[in-house]
């Protein structure tokens, strides 16, 4: 079985981690990434980034931390 995923480094725009870069693996038709960070609206939560129609990774929303 072959691995058809593509890994790229993207710059993040807007939100709490604006200007930072992160590695993402494109394996889904609807790619997005949740990044835990101290600037998130929710303590211990994550900021959601996804590509816009031009391929620029932009902040979508913050989500609370997952509880076990």
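Numbering (the numbering used here), first residue to last: 8 to 75. Note that the Cβ used here is the ideal one computed from N, Cα and C, for glycine as well.
Just curious, the beta strand (DSSP E) that residue i is in, first and last residue?
i          : result
residue 16 : 13-20
residue 68 : 64-70
residue 50 : Element bounds for residue 50: n/a, residue is neither H nor E.
residue 38 : Segment: none, residue 38 is in no beta strand (DSSP E) and carries neither H nor E.
Going by DSSP, which residues form a beta bridge with residue i?
i          : result
residue 32 : 14
Quick check on this structure: which residue in the options has the alpha carbon closest to the alpha carbon of residue i?
i          : options        : result
residue 1  : 11, 28, 12     : Shown here, the chain extends from 8 to 75; a query on residue 1 therefore has no answer.
residue 20 : 58, 74, 44     : 58
residue 66 : 13, 24, 51     : 24
residue 43 : 13, 70, 30, 35 : 70
By a C-beta neighbour count over all protein chains shown, 10 Å radius and 16 as the cutoff for buried, is residue i buried or exposed?
i          : result
residue 62 : exposed
residue 51 : exposed
residue 73 : exposed
residue 64 : buried
residue 8  : Low confidence applies here, because residue 8 scores a pLDDT of 46, under 50, leaving its location unreliable and the question unanswered by this model.
residue 26 : exposed
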